[in-house]
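First the structure, in the form of structure tokens, and then the observations on it.
2 protein chains.
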Amino acid sequence: MTITITAFERSPDGGKGLARDMRVRWALEEVGQPYEVRLISFANMKGPDHLAIHPFGQIPTYEEGSLVLFETGSIVLYLAEQHAGLLPRDSNARMRAITWMFAALNTIEPTILELTTAKILEGDKPWTEERLPLVKDRIRARLDKLSAHLGVSDWLDGAFSVGDLLMVSVLLRLRMSGILDEYQNLAAYVARGEARPAYIRAFAAQFAINAQDRTQV
Amino acid sequence: MTITITAFERSPDGGKGLARDMRVRWALEEVGQPYEVRLISFANMKGPDHLAIHPFGQIPTYEEGSLVLFETGSIVLYLAEQHAGLLPRDSNARMRAITWMFAALNTIEPTILELTTAKILEGDKPWTEERLPLVKDRIRARLDKLSAHLGVSDWLDGAFSVGDLLMVSVLLRLRMSGILDEYQNLAAYVARGEARPAYIRAFAAQFAINAQDRTQV
């Protein structure tokens, strides 16, 4: 059955791999599943056809036969459950890997989203310069703990898992801010994720679309 | 095997049911599992014993024999997988319910956390009065879509599921702001959640601790 995901026709990040389809592409590459991509314009993302499969009018979505999903967390969990390679077989270790998925999306990412919001949506506000250090310190409060947990390990809990896939993806959003480089072990952790062949293939696939787009402009 | 969760010795919300142990208590009541509670002080939450089971030094945690979990999303997913009542049997419907869990925690809750942060951590800042309307409008942008999806349905996708449990829990954080009441169907949806016998039992259990605490002060 063909797998089809959606992605931005023109990614706001210009192909840096920060759009959320990257997380799904990476998971698909890790489990060795081919997929097709349907590109969506910003206008069509808010149209009735797309809202019917994604109630919040965002990307990515996942379609496979009669199964239609949104939310990257759900999509990568589904892929990890269906195919070998992203979840341990031991039931306790499996739940711990899933715990790290939620930690990435609900404990770490919200603090990082605040920084993105502050820069992109409130970048022109008079308070932003004074407020940014507070936002960054709240990120550091979480990364202090994450860094202490990771220590000298390669991955968060044993072998690479879907928890690492999401945590690396979330931390990548910090690179431009310089905060990631304040944590040597976290920066190395992210680099290990980026060095995985599956990540490299997924990154190239999303970059090709945006590179193509730039030559058309 | 005994299930033990952790909760605040003294909840910052004074028993309003907004602390995250409430989500786990509710799930445990929905699936009919008895549990014990270990109360933790703020000082001990950041100590080595608790950090060993919760790397971010928060509550709740979940212990059952050799299984030790943190992250409410992961804990309630585990309970929903182990016991009947919170996930549909049909495999596609099951994944859609899980999708709503992630939507609650990664699409809706981050915008609501920004409001909590603005009020509690930045309440004394000179920019907060002017900034709050922007934060609230970002919440409304998400609730517009959520409300449109829910329409006149009782629950987000068929029967009550773990996705509704988390979405109601997340939306409850908005009650004090008045924003929830701008959406009649979402306010009714939350009220339906609160009216469930399992919710009522879970609420009473967490309230008893905090009421007891108040008589001691």
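Taken in sequence, the protein lines are chains D and U.
First residue of the first sequence: 281, per this note's numbering; consecutive thereafter.
First residue of the second sequence: 281, per this note's numbering; consecutive thereafter.
C-beta atoms are modelled at their ideal positions from N, C-alpha and C, and glycine is treated no differently.
Predicted model, so just to flag it, every value in this text is computed and none were measured.
Taking the Cα positions, residue 329 of chain D is about 34 Å away from residue 411 of chain U.
DSSP lists U:284 as the beta-bridge partner residues of residue 316 of chain U. For residue 423 of chain U, the closest Cβ of chain D is not nearer than 8 Å.
Chain-order list of chain D residues neighbouring residue 305 of chain U: empty, with the shortest C-beta distance near 18 Å, by a criterion of under 8 Å.
Shown in chain order are the members of the segment 310-337 of chain U whose Cβ falls below 7 Å from a Cβ of chain D: 335, 336 and 337. Bridge partners of residue 347 of chain U according to DSSP: U:344. The segment 411-421 of chain U makes no contact with the segment 343-351 of chain U: fewer than 3 CB pairs, one atom from each, lie closer than 8 Å. Unbroken alpha helix (DSSP H) stretches of 4 residues or longer found wholly inside the segment 446-487 of chain D: 464-474, given in chain order. The three-state reading of DSSP puts residue 289 of chain D in coil, since its state is none of H, G, I, E or B.
For residue 389 of chain D, the number of other beta carbons within 10 angstroms of its own is at least 16, and it is reported as buried. By the C-beta density criterion, residue 335 of chain D is buried, having at least 16 other C-beta atoms within 10 angstroms.
At a beta-carbon threshold of 8 Å, none of the residues of chain U lie near residue 462 of chain D; the nearest stands roughly 18 Å away. Burial check for residue 402 of chain U: the Cβ neighbour count within 10 Å reaches 16 or more, so the residue is buried. The three-state reading of DSSP puts residue 353 of chain D in helix, counting H, G and I together. In this structure, the beta-carbon distance from residue 378 of chain D to residue 304 of chain D does not fall below 8 Å.
Contacts with chain U at 8 Å (Cβ-Cβ) do not include residue 395 of chain D. Note that the C-beta distance between residue 382 of chain D and residue 385 of chain U is below 8 Å. If you draw a 10 Å sphere on the C-beta of residue 281 of chain U, you find fewer than 16 other C-beta atoms in it, and that means exposed.
DSSP places residue 364 of chain D outside any alpha helix (DSSP H), giving it a letter other than H or E. For residue 387 of chain D, the closest alpha carbon among the candidates D:311, D:422, D:406 and D:398 is that of D:422. Between residue 306 of chain U and residue 488 of chain U, the beta carbon gap of about 15 Å keeps them out of contact (Cβ cut-off 8 Å). The C-beta distance from residue 490 of chain U to residue 291 of chain U rounds to 5 Å, short enough to fall under 8 Å.
Between the alpha carbons of residue 375 of chain U and residue 458 of chain D lies a gap of roughly 37 Å.
In the displayed model, residue 430 of chain U falls within a helix according to three-state DSSP. Three or more pairs of CB atoms, one per stretch, sit closer than 8 Å, so the segment 464-472 of chain U contacts the segment 445-452 of chain U. Put simply, the CB of residue 358 of chain U is near chain D, with a gap under 8 Å to one of its CB atoms. Here residue 313 of chain U has 283, 359 and 363 as same chain residues with Cβ atoms under 8 Å from its own Cβ, once five neighbours each way along the sequence are excluded. For residue 329 of chain U, the enclosing alpha helix (DSSP H) has its first and last residue at 328-331. Residue D:366 holds the alpha-carbon nearest to the alpha-carbon of residue 310 of chain D among D:420, D:406, D:393 and D:366.
Along the segment 344-370 of chain D, going in chain order, the ones with a CB nearer than 7 Å to a CB of chain U are 346, 347, 349, 350, 351, 353, 354, 357 and 358.
Short of 6 Å from the beta carbon of residue 325 of chain D, and not among the five residues preceding or following it, lie these beta carbons of its own chain, in chain order: 337.
For residue 436 of chain U, the secondary structure class from DSSP, reduced to helix, strand or coil, is coil. Residue nearest to residue 478 of chain U within the set U:441, U:464 and U:394 is U:441 (criterion: CA-CA distance). Sequence-ordered contacts of the segment 400-427 of chain U with chain D read 401, 402, 405, 406, 407, 410, 411, 414, 418, 422, 425 and 426 [C-beta pairs closer than 8 Å].
By the beta-carbon neighbour count (other beta carbons within 10 angstroms, threshold 16), residue 464 of chain D is exposed.
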